[in-house]
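Below: one structure, written as structure tokens.
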């Protein structure tokens, strides 16, 4: 039951991103939706792999039993969305090269 609830929560997560003309400005980001997942979007905006890994570790036991399994669920097509876009394409759109490479290798 907990897995079902967690999966439902993940599929409904939407982090809205409002930025100025300068994309990637962490000062101009507003989050909406489940704020428990905002750090994933923030890690992409900042292109910060360490922040992403910390966020993944914090979800171990809530979403899946290992960091690798959490990452797979988050990057799945019904996983975390930032600004209505799945995590991997969102990182590519925002030219977060380090995060994009890490997420791509994890898939």
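In the numbering used here, the protein residues as written are 659 to 765. Backbone N, C-alpha and C define an ideal beta-carbon position, used for all residues, glycine too.
Spatial distance of residue i from residue j (CA atoms)
i           : j           : result
residue 719 : residue 692 : 18 Å
residue 723 : residue 743 : 25 Å
residue 760 : residue 741 : 20 Å
residue 667 : residue 732 : With a pLDDT of 41 at residue 667, under the threshold of 50, the modelled position of this residue cannot be trusted, and the question is left open.
residue 758 : residue 716 : 20 Å
residue 709 : residue 748 : 16 Å
Residues that residue i bridges to, as DSSP identifies them
i           : result
residue 722 : 718
residue 699 : Looking at the DSSP assignment, residue 699 forms no beta bridge with any residue, so it has no partner.
residue 744 : 739
Beta-carbon spacing of residue i, residue j below 8 Å
i           : j           : result
residue 695 : residue 746 : no
residue 729 : residue 764 : yes
residue 714 : residue 725 : yes
residue 756 : residue 705 : yes
Same chain, Cβ closer than 8 Å to residue i, five either side skipped, listed in chain order
i           : result
residue 735 : 744
Chain-order list of residues whose beta-carbon lies under 7 Å from that of residue i (same chain, five-residue window excluded)
i           : result
residue 712 : none
residue 762 : 746
residue 701 : 709, 710, 713, 757
Contacting residues, own chain, Cβ-Cβ under 6 Å from residue i (five flanking each side not counted)
i           : result
residue 697 : 713
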